[in-house]
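A quick write-up on the structure given underneath.
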Amino acid sequence: MALNLKKSLQAFNEAKRFMPGGVNSPVRSFNSVDSNPPFISHGKGSHIFDIDGNEYIDYVGSWGPLVLGHAHPRVVAALSRQIARGTSYGAPTLLETKLARLVNQIFPSMQVMRMVSSGTEATMSALRVARGHTRREKIIKFIGCYHGHSDSLLVKAGSGAATFGEPSSPGVTRGTAQDTIALPYNDLAAVENAFAQCGEQIAAVIVEPVAGNMGLVLPKENYLRGLRDVTKRFGALLIFDEVMCGFRVALGGAQEKYQVTPDLTCLGKIIGYPKKFRRVPVPRRVLSPLCR
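So the sequence shown is numbered by our numbering: it starts at 8 and just counts up by one.
Written as structure tokens, this is what we have:
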């Protein structure tokens, strides 16, 4: 039986007047499933409810962070206590250091870290650090892997943010695309070949260790180890985008499960429940550009 989404459809049409496609992220539009999105009024536990009164089991969890479900009593209480003390200070706090110390205990490779507001900022910061550290410009990413809404990483990305099936996102300049080498995921020979051709120009390899944005593709045996070896050999940095797999495939992420240590790691979503934020942890040897 079809759901009654009359109120949601009215809300969607109204939203289209003010937001491109009526949403703030293309995947929310339901275009890929030829439907209209329900407009959510509230959530409780593992369920969400739309403005038409329909109830859903929430398998999305706000795309990652809601591991405890909606409106968990302990989370609501903690948020209420903090809101009473203020919400944002624009200055350092003890909680930042406490959180950084905890992350370091779980991810030993993350010797120091910079907290930012989005996954896009985390990956952009990681690439900038890599380019500054190596004095090189090119990066390698993998077709179908999604690392945020930035020009150099939307080349052959794996998200609706880059449009499905297109070789590149409209609006990405040719110059930007030329600095991004997009290779097939799980094809170590292609990576070796790219480094053989222009290894002295490659600043970093960025990868979803487990490729979640194109259907949960596991790395082949020794694939991540091979990326680690070739980047070390050519003096490039290895960046793990663990926004999706961090704390999930293992408490210490893919780097713990597969015993491969990257130079830089991007985390997000799950670590910030119930408010999303991200971080780009950095080894001390490449920290100096962030301290200036």
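For each residue, glycine too, the CB sits at the ideal point set by N, CA and C.
Assign residue i to buried or exposed, taking buried as 16 or more other Cβ atoms, counted over all protein chains shown, within 10 Å of its Cβ.
i	result
Y265	buried
N220	buried
R285	Confidence in R285 is poor, its pLDDT being 47 and thus under 50, which makes the residue's placement too unreliable to answer from.
P115	exposed
Q17	exposed
D57	buried
T141	buried
S369	Given a span of 8 to 299 for the chain in the structure shown, any question on residue 369 remains unanswerable.
M120	buried
Q305	Given a span of 8 to 299 for the chain in the structure shown, any question on residue 305 remains unanswerable.
G52	exposed
C205	exposed
V40	exposed
F171	Caution applies to F171, whose pLDDT of 38 falls short of 50 and renders its modelled position unreliable; the model cannot decide the point.
H49	exposed
G165	With a pLDDT of only 48 at G165, under the threshold of 50, the placement of this residue in the model should not be trusted, and no figure is reported.
I90	exposed
P174	For P174, the pLDDT reaches just 41, beneath the cut-off of 50, and the residue's location in the model is therefore unreliable, leaving the point undetermined.
S159	buried
Please look up how many angstroms separate the CB atoms of residue i and residue j, rounded, as I've assumed it's under 8 Å.
i	j	result
V198	V217	Wrong, their Cβ atoms sit about 17 Å apart, outside the cutoff.
F149	V214	6 Å
G155	G178	Not confirmed; about 15 Å, so no contact.
F63	I55	Note on residue identity: the sequence assigns Tyr, not Phe, to residue 63. Rounded, the Cβ-Cβ distance is 5 Å, consistent with contact.
P44	N61	At roughly 12 Å, the Cβ-Cβ gap does not stay under 8 Å, so P44 and N61 are not in contact.
L271	L244	6 Å
P80	I277	The pair is not a contact, with the Cβ atoms about 20 Å apart (cut-off 8 Å).
V267	R232	6 Å
Using a Cβ-Cβ cutoff of less than 8 Å, which residues in the same chain neighbour residue i once the five nearest sequence positions on both sides are dropped?
i	result
N20	G29
A257	E263 and K264
L223	V217
So which of the options has the shortest CA-CA distance to residue i?
i	options	result
F255	V267, G275, I246 and I147	According to the sequence provided, residue 255 is Arg. The question's Phe does not apply to it. Of V267, G275, I246 and I147, the residue nearest in Cα terms is G275.
I246	P269, P226, K239 and K227	P269
C252	T141, V237, L225 and A91	L225
Y202	R181, T183 and D236	Note on identity: in this sequence residue 202 is Phe, with Tyr being the wrong assignment. Closest option to F202, Cα to Cα, is D236.
D186	N61, G52 and V162	V162
E128	L73, S32, H79 and D248	D248
I147	L195, A189 and V123	A189
L109	G259, V267 and L271	G259
N229	L195, K239, G242 and P80	L195
S42	V267, L10 and Y153	L10
G97	M122, L86, A84 and R88	M122
Y153	G93, G68, V267 and C273	C273
Q208	T238, S157, R181 and T180	T238
P191	T180, N200 and A184	N200
Going by beta carbon distance, what residues of the same chain come within less than 7 Å of residue i, once the five residues before and after it are set aside?
i	result
R138	E144 and A210
P27	none
A107	M120
G242	T141
What residues in its chain sit with their C-beta under 6 Å from that of residue i, if we drop five residues either side in the sequence?
i	result
K227	N193
K14	I58 and D59
I47	I55 and D57
N111	M117
L86	none
R24	none
- Is the segment 97 to 108 touching the segment 123 to 140, taking contact as three or more C-beta pairs under 8 Å? Verdict: no, contact absent.
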